[in-house]
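Below is one structure, written out as structure tokens, with a few remarks after it.
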Amino acid sequence: MSGIEEAPPSTDLITLTRHVLGDQLRLGSAATGDLTLLLTAIQVTSKFIATNVRRARLINLVGLAGEQNVQGEDQKKLDVLSDDIMVNALRASGKCAVLVSEERENAIIIEEKNRGKYCVVFDPLDGSSNIDAGVNVGTIFGIYQVLNDGSASLEDVLQQGSKMVAAGYTMYGSSANLILSTGQGVNGYTLDAALGEFILTHPDIQIPPRGKIYSFNEGNSMFFHEPVNAYLHSIKYPASGKPYSARYIGSMVADVHRTFLYGGIFGYPDDKKSKSGKLRLLYEAFPMAFLTEQAGGVATTGKQRILDIVPKNIHERCSCFLGSKDDVNDLLKFYNDPKYADKS
Ligand code: AHM
Ligand code: MG
15 MSGIEEAPPS TDLITLTRHV LGDQLRLGSA ATGDLTLLLT AIQVTSKFIA TNVRRARLIN
75 LVGLAGEQNV QGEDQKKLDV LSDDIMVNAL RASGKCAVLV SEERENAIII EEKNRGKYCV
135 VFDPLDGSSN IDAGVNVGTI FGIYQVLNDG SASLEDVLQQ GSKMVAAGYT MYGSSANLIL
195 STGQGVNGYT LDAALGEFIL THPDIQIPPR GKIYSFNEGN SMFFHEPVNA YLHSIKYPAS
255 GKPYSARYIG SMVADVHRTF LYGGIFGYPD DKKSKSGKLR LLYEAFPMAF LTEQAGGVAT
315 TGKQRILDIV PKNIHERCSC FLGSKDDVND LLKFYNDPKY ADKS
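Under this note's numbering, the first residue of the sequence shown carries the number 15, and numbering increases by one thereafter.
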């Protein structure tokens with residue numbers, strides 16, 4: 015006997031479906047269950063992609079993407095494979111009208127017989143350039159409702175980010191973690207591989223109001239605008255003598271996930287070289303901004319709230335800062351300082 019009493023395993027697991035269904039039931043007759051079914055389809059795609067991400071490391075030992083496997087079938091790159099998985103599942107769900115994927119130039123308008131009332135914008139495998147190094151990657155998604163019942167057009171996915179009805183991401187790491195908001199806070203679920211279910215493990219995620227970490231690709235600082243460099247200088251050489259720590263994985267899902275749990279600021283600014291920044295508005299910045307605000311943080315371009323932007327095209331980019339409210343507000347002081355007016 016070790017003398018340490020182990021807690022008995024829980025026999026009352028809260029699965030993602032049970033949890034979302036609970037939220038929908040609380041909404042009463044306003045909820046039709048369609049969103050729950052759509053989220054069920056998305057969960058399945060995350061499980062499928064998680065399996066492939068895990069296997070990819072082995073597959074890469076025997077053949078690079080683009081080559082043929084022993085059966086003579088083409089081996090698809092993981093991001094293309096993940097895109098196929100998502101488009102097939104979302105189309106088959108019968109709940110979608112328009113799909114936008116980072117991997118496809120044009121939006122997909124779902125044929126009338128399979129059409130539902132939701133639009134899903136997604137990056138099927140963000141950070142995939144990191145995959146060969148075993149670094150965490152993820153799927154990011156945002157969900158809109160169509161503007162008019164039965165409609166399915168580009169306008170339906172060119173709505174302000176604040177019009178999203180749900181957003182989330184799944185991070186594929188040592189385990190798969192799905193972080194989701196349906197507009198009533200943010201919850202995190204971990205895939206129990208044995209059960210094949212996402213289990214609620216991080217209820218009501220709140221970003222700490224202030225952190226001690228900044229997460230920027232500072233290698234680009236020679237191109238950064240002055241407010242950004244001045245802010246970075248202020249947290250590296252503070253009067254308190256306690257500088258912030260730098261953490262940058264280069265995989266948005268992983269950098270944002272850490273920011274949600276530990277606090278601090280994540281930034282991918284526009285700069286003198288990349289006039290609109292790098293991150294995509296619809297399926298990277300919007301979903302992450304939606305989650306950030308739902309978790310009590312702030313998400314801004316430096317000049318405006320990200321969720322207020324009205325997209326003009328589906329693949330447009332934007333400057334992006336998000337995280338702990340006090341940290342992001344500190345950055346905004348530099349943007350709002352007249353000293354830096356017209357230097358951003
Ligand atoms: P991707 O969509 O081509 O994967 O690019 C997006 C990724 C983000 O995950 C990450 O935040 C960023 O690119 C990193 O960019 P950089 O390598 O320039 O720091
Ligand atoms: Mg991406």
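Glycine included, C-beta positions come from ideal geometry on N, C-alpha and C.
Pairwise C-alpha distance: residue j and residue i
i, j, result
"Lys61", "Val134", "18 angstroms"
"Gln173", "Asn162", "13 angstroms"
"Thr314", "Phe335", "5 angstroms"
"Val242", "Leu345", "7 angstroms"
"Pro325", "Val171", "8 angstroms"
"Arg224", "His271", "15 angstroms"
"Asp218", "Glu211", "19 angstroms"
"Val160", "Met100", "19 angstroms"
"Gly77", "Leu139", "Its pLDDT being 42, under 50, Gly77 is placed unreliably by the model, and the measurement read from it follows with that caveat. Going by the C-alpha atoms only, they are around 20 angstroms apart."
"Leu205", "Glu232", "33 angstroms"
"Leu214", "Thr50", "15 angstroms"
"Ala207", "Ile145", "21 angstroms"
"Leu35", "Asp48", "10 angstroms"
"Glu20", "His33", "27 angstroms"
"Gly175", "Ala299", "9 angstroms"
"Tyr251", "Ile227", "14 angstroms"
"Thr31", "Arg331", "33 angstroms"
"Leu75", "Val67", "Residue placement at Leu75 is flagged as unreliable, the pLDDT there being 35, under the threshold of 50; a coordinate-derived value is accordingly withheld."
"Thr59", "Gly141", "17 angstroms"
"Asp98", "His216", "29 angstroms"
"Ser288", "Glu117", "21 angstroms"
"Lys339", "Glu126", "43 angstroms"
"Ile28", "Gly311", "26 angstroms"
Cβ neighbour criterion (16 or more within 10 Å) applied to residue i
i, result
"Gln57", "buried"
"Thr25", "exposed"
"Ala253", "exposed"
"Ala64", "buried"
"Met236", "exposed"
"Asp356", "exposed"
"Gln308", "buried"
"Gly277", "buried"
"Ser96", "buried"
"Leu246", "buried"
"Asn201", "buried"
"Leu293", "buried"
"Gly255", "exposed"
Sub-8 angstroms separation of residue i and residue j beta-carbons
i, j, result
"Val112", "Ala121", "yes"
"Phe238", "Pro283", "yes"
"Gly316", "Ser333", "yes"
"Leu295", "Ile323", "yes"
"Gly152", "Gly130", "no"
"Ile249", "Tyr262", "no"
"Pro301", "Phe155", "yes"
"Met178", "Val267", "no"
"Ser165", "Phe136", "no"
"Ile157", "Leu52", "yes"
"Leu373", "Ala55", "Missing from the structure shown is residue 373; the chain here goes from 15 to 358 and no further."
"Ser265", "Asn191", "no"
"Tyr132", "Ala244", "no"
Range covered by the alpha helix (DSSP H) that runs through residue i
i, result
"Thr306", "Phe300 to Gln308"
"Ala244", "Glu240 to Lys250"
"Ile171", "The sequence as given places Val at residue 171; Ile does not occur at that position. Premise fails: Val171 is in no alpha helix (DSSP H) and is neither H nor E."
"Asp344", "Lys339 to Asn350"
"Ala103", "Leu92 to Ser107"
"His271", "Met266 to Tyr276"
Residue range of the beta strand (DSSP E) that includes residue i
i, result
"Asp137", "Tyr132 to Asp140"
"Ser195", "Ala190 to Ser195"
"Met185", "Ala180 to Tyr186"
"Ile279", "Ile279 to Tyr282"
"Leu205", "Asn201 to Asp206"
"Thr153", "Val151 to Gln159"
"Ile227", "Ile227 to Ser229"
"Phe237", "First-last for Phe237: undefined, no H or E at that position."
"Thr314", "Val312 to Thr314"
Cβ-Cβ separation, residue j to residue i (assumed contact under 8 angstroms), whole Å
i, j, result
"Ser195", "Ala181", "6 angstroms"
"Ala303", "Ile320", "4 angstroms"
"Gly337", "Ile221", "6 angstroms"
"Phe274", "Ser229", "Wrong, their Cβ atoms sit about 12 angstroms apart, outside the cutoff."
"Gln198", "Asp341", "Gln198 to Asp341, Cβ: 25 angstroms. No contact."
"Asn234", "Asp285", "6 angstroms"
Residues near ligand 3, CB to any non-hydrogen atom under 5 angstroms, in chain order? Of the ligands one can find in the structure shown, namely ligand 1 and ligand 2, none is ligand 3.
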